[in-house]
Amino acid sequence: MEIGTGLLVLALVLAALLVWRLWPSRRRLSPLGQEMLRWVMVLAIALGIYSFGENLVEPFRTTQTVNTSQGVIELPREADGHYYLTAKINGAQIRFVVDTGATGIVLSQNDATRVGLASDQLAYIHSANTANGVVRIAPVKLDEFDVNGIKDLNVRAYVNEGELTGSLLGMSYLRRYEKIIITRDMLRLER
2 MEIGTGLLVL ALVLAALLVW RLWPSRRRLS PLGQEMLRWV MVLAIALGIY SFGENLVEPF
62 RTTQTVNTSQ GVIELPREAD GHYYLTAKIN GAQIRFVVDT GATGIVLSQN DATRVGLASD
122 QLAYIHSANT ANGVVRIAPV KLDEFDVNGI KDLNVRAYVN EGELTGSLLG MSYLRRYEKI
182 IITRDMLRLE R
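Here it is, written out as structure tokens:
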């Protein structure tokens, strides 16, 4: 939801609460009218919670934790059921979805540009089979792959020529860890 629409919904919910609290003639409504007004209030509050639900729980959500000395990364399962890892590549923060079905690290066109890889200078010489069909990919080397102090240098990756909404963290990176432990709501990587 766009911020403008969200603010409008929030303003409507607050206005409805204010009207309910300060409107003295609500007591003069018939019982049916009072019940209808209550349901309008409940629906307005439910719409507000639905609109801002993610923002309300964000401060309480656990985030990626890294213990550099032990070489441990813990990734909480997000609301969409996926695990995400944020890494700094050549100085740019990139958010990856952990994909055990992917062979390698695959950058989207947008993320490749953010890390300093010019798309017009990439050679899309390989192909990959994906759920959306065959796509061309360009092999690249990432100078530094830094996860809050756990660093890897000269990491092989690929840039996807097709439409990819985010970047993928595949098995070529996960294999760098001795243990991969997945519990109900946490993915733990141990070196």
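To convert, take the position in the sequence shown, counting from 1, and add 1; that gives our numbering. For each residue, glycine too, the CB sits at the ideal point set by N, CA and C.
Cβ separation of residue i and residue j, assumed to be a contact under 8 Å, to the nearest whole Å
i           : j           : result
residue 108 : residue 158 : 6 Å
residue 189 : residue 75  : 5 Å
residue 38  : residue 44  : That pair is no contact at about 11 Å.
Cα-Cα separation between residue i and residue j, rounded to whole angstroms
i           : j           : result
residue 73  : residue 33  : 60 Å
residue 163 : residue 104 : 17 Å
residue 112 : residue 176 : 22 Å
residue 49  : residue 180 : 42 Å
residue 150 : residue 121 : 31 Å
residue 89  : residue 100 : 18 Å
residue 126 : residue 78  : 35 Å
residue 135 : residue 161 : 11 Å
residue 2   : residue 9   : With a pLDDT of 46 at residue 2, under the threshold of 50, the modelled position of that residue is not reliable, and the figure given next carries that caveat. In a straight line, the C-alpha of residue 2 is about 11 Å away from that of residue 9.
residue 20  : residue 110 : 50 Å
residue 144 : residue 41  : 57 Å
residue 52  : residue 11  : 8 Å
residue 80  : residue 28  : 42 Å
Proximity of residue i and residue j at Cβ, strictly below 8 Å
i           : j           : result
residue 91  : residue 116 : yes
residue 67  : residue 170 : no
residue 174 : residue 95  : no
residue 165 : residue 141 : no
residue 71  : residue 86  : no
residue 138 : residue 129 : yes
Limits of the alpha helix (DSSP H) - the one that residue i falls within
i           : result
residue 174 : 172 to 175
Continuous beta strand (DSSP E) stretch holding residue i: start and end
i           : result
residue 134 : 134 to 148
residue 188 : 187 to 191
residue 159 : 151 to 161
message: Please give the ranges of any beta strand (DSSP E) in the region 65 to 129, keeping only runs that are unbroken, at least 3 residues long and fully inside the region.
response: If only uninterrupted beta strand (DSSP E) runs of at least 3 residues are considered, those enclosed by the region 65 to 129 are 66 to 68, 73 to 77, 85 to 90 and 93 to 99.
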